[in-house]
Amino acid sequence: MRLGIITDVHLGPAQSAALAAERGQPVKLTASAEPLTRQVVQGWRERDQPELVLNLGDVLSDVSRAADLESYAHFCALLDGAQAPVLHVAGNHDQVNLGDRDLLELWQLARRWPAAIRHDSSTAYAVDFGGLRFVILSTLWLPPDGVFLGHGQLAFLERCLGSAPGPCVLLTHQPLSEMSLAGNRWFAGAPQLALIHERAQVRAVLARHGNVLAAFNGHAHWNHVDVIAGVPFITVQSLTENVGSESAPVPAAASAVVELSAAGVQLYVSGAQPLRFALRR
Ligand SMILES: [Fe+2]
Ligand SMILES: [Fe+2]
């Protein structure tokens with residue numbers, strides 16, 4: 633199964649250095665979000681031809697409800713250009729102005745994935761595709777305390793892994809591994825806002841079932857891989873992260889293509905900070 637991954641696109645108006653300084657944050661290269669998305673989608677359609685596309689969240693820069701609805705719908709239309717089905721994960725920036733129902737409607741989950749297993753009170757769901765079960769969990773972003781699994785997510789994960797007809801893949805917006813955030817532009821001073829609080833419990837569920845081939849996420853705005861108990865936990869860099877300097881910005885332009893099978897995982901992240909990773913099971 634060949635997957636195409638895009639994450640942390642952060643569509644929105646170009647940020648000014650003054651606004652970023654006011655927020656105490658670096659500038660996100662939001663002006664690049666749309667053209668880079670088009671570029672990624674074109675590369676997928678013409679070259680890589682993924683069978684399934686994964687959007688791991690933070691499509692938005694949380695401007696306003698109206699602007700975010702329009703930006704997200706535009707993003708979905710752009711992704712359709714890849715001519716492959718898409719699975720979406722809710723990111724914390726997507727959840728600021730939009731509710732779960734907004735996101736589920738934007739994803740057209742009921743129409744595009746009518747056989748999806750739905751969690752009744754969140755954006756969590758699972759679908760069977762190409763012999764794999766993809767399980768998507770929902771998180772709650774509660775700064776400054778942390779990022780937490782949403783209500784009922786562990787039980788939903790148990791249910792989805794327990795009833796899976798074959799191997800599974802786990803998708804979340806934030807990481808489930810134990811990565812160090814030292815040196816991370818966004819989370820070095822607040823690792824509790826990067827890593828899902830209940831990550832050890834999630835990994836215990838995975839270990840009990842033993843059927844998860846890989847877990848993918850975004851949010852941390854860098855590439856990172858941890859292999860824990862044989863499961864690769866893969867963080868993909870943001871499309872629009874500035875990997876240059878504040879005065880000479882360079883967008884990461886990151887997207888990933890993954891070959892995934894029972895035999896193992898092969899990952900290639902393209903862009904300004906390419907990464908190759910392979911794991912044989
Ligand atoms: Fe992000
Ligand atoms: Fe995020």
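With our numbering as the guide, the letters of the sequence shown map in order to residues 633 to 913.
Glycine residues also receive a C-beta, built at the ideal position from the N, C-alpha and C atoms.
Using a Cβ-Cβ cut-off of 7 Å (strictly less than) and excluding sequence neighbours within five positions of residue i, which residues of its own chain qualify?
{"i": "Glu790", "result": "Val837"}
{"i": "Arg912", "result": "Ala895, Gly896"}
{"i": "Leu741", "result": "Ala748, Tyr757"}
Whose C-alpha, out of the options, is nearest the C-alpha of residue i?
{"i": "Phe761", "options": "Thr755, Ser753, Val695, Ile749", "result": "Ile749"}
{"i": "Ser753", "options": "Leu764, His783, Leu738, Pro776", "result": "His783"}
{"i": "Glu666", "options": "Val641, Gln898, Ser809", "result": "Val641"}
{"i": "Gly850", "options": "Arg912, Ala839, Gly842, Phe865", "result": "Phe865"}
{"i": "Asn816", "options": "Gln657, Ile638, Ala649, Ile637", "result": "Gln657"}
{"i": "Ala923", "options": "Val659, Thr872, Leu845", "result": "Residue coverage of the chain in this structure runs from 633 to 913, which leaves residue 923 outside it and unanswerable."}
Please classify residue i: is it buried, with 16 or more other beta-carbons within 10 angstroms of its beta-carbon, or exposed?
{"i": "Arg831", "result": "buried"}
{"i": "Asp777", "result": "exposed"}
{"i": "Ala653", "result": "exposed"}
{"i": "Leu774", "result": "exposed"}
{"i": "Arg743", "result": "exposed"}
{"i": "Gly636", "result": "buried"}
If you follow the alpha helix (DSSP H) that residue i is part of, which residue opens it and which one closes it?
{"i": "Trp739", "result": "732 to 739"}
{"i": "Pro797", "result": "No alpha helix (DSSP H) contains Pro797, which DSSP labels as neither H nor E."}
{"i": "Gly903", "result": "No alpha helix (DSSP H) holds Gly903; DSSP gives it neither H nor E."}
{"i": "Val837", "result": "831 to 841"}
{"i": "Leu808", "result": "Segment: none, Leu808 is in no alpha helix (DSSP H) and carries neither H nor E."}
Below 8 Å CB to CB, which residues in the same chain sit around residue i once its five sequence neighbours on both sides are set aside?
{"i": "Leu730", "result": "Leu692, Arg697, Asp700, Leu701, Tyr704, Leu738"}
{"i": "Asp690", "result": "Thr639, Asp640, Val641, His642, Gly723, Asn724, His725, Asp726, His805, Gly850, His851, Ser870"}
{"i": "Val863", "result": "Arg835, Leu838, Val844, Leu845, Ala846, Ala847"}
{"i": "Leu711", "result": "Ile638, Thr669, Val673, Val685, Asn687, Val718"}
Considering residue i, what are the terminal residues of the beta strand (DSSP E) in which it resides?
{"i": "Val672", "result": "Per DSSP, Val672 belongs to no beta strand (DSSP E); it is in the alpha helix (DSSP H), 665 to 675."}
{"i": "His751", "result": "Segment: none, His751 is in no beta strand (DSSP E) and carries neither H nor E."}
Whose C-beta lies closer than 6 Å to the C-beta of residue i among residues of the same chain, with five residues either side of it excluded?
{"i": "His751", "result": "Phe788"}
{"i": "Trp745", "result": "Val759"}
{"i": "Gly903", "result": "Ala884, Ala885, Ala886"}
Practice prompt. Evaluate contact between the region 674 to 683 and the region 785 to 803, counting only Cβ atoms and requiring at least three cross-stretch pairs below 8 Å.
Written response: no
Fill in: Touching by the beta-carbon criterion (3+ pairs, under 8 Å), the region 855 to 864 and the region 806 to 818
Using a Cβ-Cβ distance cut-off of 8 Å, the region 855 to 864 and the region 806 to 818 are in contact, since at least three pairs of beta carbons, one from each stretch, lie closer than that value.
Practice prompt. May I ask you to verify whether the region 812 to 824 touches the region 877 to 892, counting CB pairs closer than 8 Å and requiring at least 3?
Written response: Contact fails: fewer than three Cβ-Cβ distances are below 8 Å.
Worksheet entry | Inter-stretch contact (C-beta, 8 Å, three-pair minimum) for the region 711 to 728 and the region 763 to 778 | yes
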